[in-house]
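Just so we're aligned, residue 82 is where the sequence shown starts under the numbering used here, counting upward by one.
Just so you know, even glycine gets a beta-carbon here, dropped at the ideal spot from N, CA and C.
Since the structure comes first, as structure tokens, the remarks are kept for the end.
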Amino acid sequence: MKHTPVYDNTPYTTLKPKSASYFLLLMVALVLAIAGLYAAYTMEHAGHHITGMNNHVVWGLPHVFAVSLIVAASGALNGASLSSVFGNDVYKPFARLSILLAVSLLLGGLMVLVLDLGRPDRLAVAMTHYNFRSIFTWNIFLYTGFIAISVLYLWVLMERRMNRYVRSVGSFAFAWRLILTTATGSIFGFLVGRNALDSALLAPLFIALSLVMGTAILALVLTTTLRWKKKTIESIVVESLEKLLLWFLLALLYFSVVHHLTNLYAAEHRASERFTLTGGLAGIFWLGHVVMGLLVPIGIIVLAAIKTAVHRLLAVSILALLGGGTLVYAIIIGSQSTPQRLFPGHIIVASEFGDAGFDVYSATIWEWGLGIAGVAVAILIYTLSMRVLASMPEQTSSLNG
């Protein structure tokens with residue numbers, strides 16, 4: 082069936098609210114971003130001994146923030162994909178907003194990722210000398226490609242003469258984001274030296290996680306942005322976002338259960354899996370990921386535990402974001418807290434390098450500062466770009482005209 086291009090006749094405007102909450106958010110985000118840059122500068126010059134990282138845990142809390150932001154960026158493109166690729170007109174007015182949000186989140190995550198490297202000044206080497214047997218090399222192209230495709234996507238949406246290409250570019254962007262999230266999950270899935278990882282199931286798990294976190298943050302940002310315009314989010318949008326979140330949460334629950342059951346079944350993964358389920362990070366995994374991030378939001382939606390639909394959506398979105406963050410923490414920190422399989426069939430009982438046995442990681446204020454700065458930078462990029470680019474619909478639903 083041939084697709085006939087539909088021109089977007091929705092009038093758009095820039096976002097320049099005068100509310101105190103808007104300017105307060107900008108000021109707080111700016112302060113946090115500056116504080117994060119100072120934290121990165123301090124860690125760069127003082128060394129990693131001022132962080133909670135050690136020979137066991139070499140990827141700390143900043144990596145948790147970075148991966149969470151990158152994963153959420155992929156999912157935040159849902160608003161644009163649902164309208165352009167799947168023909169859901171409910172989201173058509175918010176396609177531009179969705180793209181700006183996705184790019185903002187990705188840039189915030191990449192900033193943290195770059196500054197958390199041991200030698201960020203050597204990034205130019207990694208970007209000019211490629212090892213295509215490393216998935217990190219693939220991700221350089223995937224992340225920069227995501228930004229380039231998103232800019233192109235935004236252009237064909239904003240330029241009426243190019244509207245005929247919206248579906249084609251949108252489909253390409255949709256495929257690219259799936260590949261990007263698969264590669265992000267495969268960063269950990271391909272680490273055969275870590276018993277808690279080393280699983281192809283992490284790729285679909287990360288895709289489900291990106292859909293949950295991206296949709297959740299899209300719901301929060303959309304609601305907040307409309308309030309700045311003194312408008313309310315329409316019930317049809319709330320219902321649609323709520324249904325999407327329910328299905329995405331169920332998908333994440335399914336892949337999470339299969340992933341952990343597989344690890345329990347495989348003999349080589351059993352010890353690390355027991356640490357995840359019953360060790361030092363068990364509270365974060367069970368209370369954060371399972372209860373707060375999955376069971377409670379699913380229960381709120383299914384049982385309609387909160388009567389007001391908008392409040393229910395906001396509550397579920399916040400819980401889903403926090404739960405997603407704790408899952409990323411459990412994957413990254415938990416996998417490093419277990420001893421590596423250096424000598425198969427043997428147990429390291431002592432080591433001069435501090436890499437024997439299980440480890441408990443505790444992040445320092447410097448790591449918190451850098452991680453939170455990524456969120457602050459994403460907020461600044463989004464809010465400032467909305468002031469420049471006409472991406473806010475005058476009408477909140479394309480169904481009204």
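Minimum Cβ-Cβ distance from residue i to chain C less than 8 Å
i: LEU188; result: The structure shown contains no chain C; it is built from a single protein chain.
Inter-residue Cα distance where the pair is residue i and residue j
i: SER479; j: VAL377; result: Unreliable placement is indicated for SER479, whose pLDDT of 45 sits below 50; the coordinate value is still reported in the next sentence. Computed Cα separation, rounded: 33 Å.
i: ASN481; j: VAL302; result: Its pLDDT being 43, under 50, ASN481 is placed unreliably in this model, and the coordinates cannot settle the point.
i: VAL184; j: LEU325; result: 21 Å
i: ARG245; j: MET473; result: 21 Å
i: GLY364; j: VAL372; result: 10 Å
i: SER316; j: SER102; result: 24 Å
i: GLY450; j: ARG242; result: 44 Å
i: GLY374; j: GLY295; result: 14 Å
i: ILE115; j: GLU448; result: 14 Å
i: LEU106; j: TYR463; result: 12 Å
i: VAL397; j: ARG248; result: 31 Å
i: VAL112; j: ALA444; result: 21 Å
i: TRP328; j: TYR410; result: 23 Å
i: TYR93; j: MET239; result: 9 Å
i: VAL391; j: ALA401; result: 15 Å
i: VAL99; j: VAL171; result: Correcting the residue type first, residue 99 is Lys in the shown sequence and not Val. Each residue's Cα considered, the two are about 28 Å apart.
Residue i classed as buried or exposed, judged by whether at least 16 other C-beta atoms fall within 10 angstroms
i: PRO201; result: exposed
i: VAL250; result: buried
i: HIS144; result: buried
i: ILE412; result: buried
i: HIS137; result: buried
i: VAL319; result: buried
i: HIS370; result: buried
i: ASN212; result: exposed
i: ASN90; result: exposed
i: THR132; result: buried
i: VAL139; result: exposed
Sequence-distant residues of its chain with Cβ nearer than 7 Å to residue i (five each side left out)
i: ARG468; result: THR95, LEU96, LYS97
i: TRP257; result: GLY226, PHE227, ILE230
i: LYS83; result: Residue placement at LYS83 is flagged as unreliable, the pLDDT there being 48, under the threshold of 50; the coordinate-derived value follows with that caveat. Closer than 7 Å at the Cβ level, and outside the excluded window around LYS83, lies no residue.
Same chain only: Cβ atoms within 8 Å of residue i, ignoring 5 sequence neighbours per side
i: GLY361; result: SER418, PHE439, VAL441
i: GLY455; result: GLY117, PRO143, PHE146, ALA147, LEU150, GLY189, GLY190, MET192, VAL193
i: LEU204; result: VAL195, LEU198
Contacts around residue i, its chain only, beta-carbon distance under 6 Å, and the 5 residues preceding and following it disregarded
i: LEU358; result: none
Does the stretch 344 to 357 come close enough to the stretch 273 to 291 that 3 or more CB-CB pairs lie under 8 Å? Yes, since at least three Cβ pairs between the stretch 273 to 291 and the stretch 344 to 357 fall closer than 8 Å, the two stretches touch.
Decide yes or no for the touch test of the stretch 302 to 321 against the stretch 379 to 387: beta carbon pairs closer than 8 Å, at least 3 of them. The stretch 302 to 321 makes no contact with the stretch 379 to 387: fewer than 3 CB pairs, one atom from each, lie closer than 8 Å.
Mind the definition here: the stretch 235 to 254 touches the stretch 173 to 182 only if three or more C-beta pairs lie below 8 Å; say whether that holds. Two segments are said to touch when three or more pairs of C-beta atoms, one from each, lie closer than 8 Å; by this definition the stretch 235 to 254 touches the stretch 173 to 182.
Counting pairs of Cβ atoms below 8 Å between the stretch 106 to 126 and the stretch 332 to 344, do you hit three or more? The stretch 106 to 126 makes no contact with the stretch 332 to 344; the number of CB pairs closer than 8 Å stays below 3.
Three or more C-beta pairs closer than 8 Å, one from the stretch 447 to 466 and one from the stretch 155 to 169: is that the case here? Taking a cut-off of 8 Å for Cβ pairs, the stretch 447 to 466 and the stretch 155 to 169 do not touch, as fewer than three such pairs fall below it.
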